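A quick write-up on the structure given underneath.
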Amino acid sequence: MDIVYYCKHCRSFLGTIDGTKTSFGSLGFSILTPDEREDIMEFDAVNQTIYVKTVCEFCETALREHPELLLTPTPLQ
Ligand SMILES: [Zn+2]
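Under the numbering used here, the residue at position 40 of the sequence shown is numbered 40, and the numbers go up by one with no gaps.
In structure tokens form, the structure reads like this:
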């Protein structure tokens, strides 16, 4: 089973972890509540892949400098 990380804002691919060689606990998921886990993780049963939403460096920087970007996804101008 693969674990795929992607950016939830720009959907860019950030990396893959081979889940068969990694224990779930070591990835830090065990500290999340079931709700949080459901929120950031998506299980694709067909491809046996877990997709994990995260934020890439580019979006993290952009949002830190322009937090209003989150609030105005569709500017009116
Ligand atoms: Zn991004």
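Think of the CB as a built atom: it goes at the ideal place given N, C-alpha and C, for glycine as much as any other residue. Note that the coordinates shown come from a computational prediction; the quantities given were computed from them, not determined experimentally.
If I'm right that residue i touches residue j with Cβ under 8 Å, what's the distance once you round it to whole angstroms?
i     : j     : result
Cys98 : Thr49 : Past the boundaries of the shown model lies residue 98; the chain is included only from 1 to 77, so the question cannot be answered.
Gly19 : Met1  : 4 Å
Val52 : Val4  : 7 Å
Is residue i near ligand 1, judged by its Cβ being under 7 Å from some heavy atom?
i     : result
His9  : yes
Phe13 : no
Phe58 : yes
Val52 : no
Val4  : no
Val46 : no
Go ahead and pull the three-state DSSP assignment for residue i.
i      : result
Cys117 : Because residue 117 is not part of the residues shown, which for the chain are 1 to 77, the question remains open.
Leu69  : helix
Leu32  : coil
Gly15  : strand
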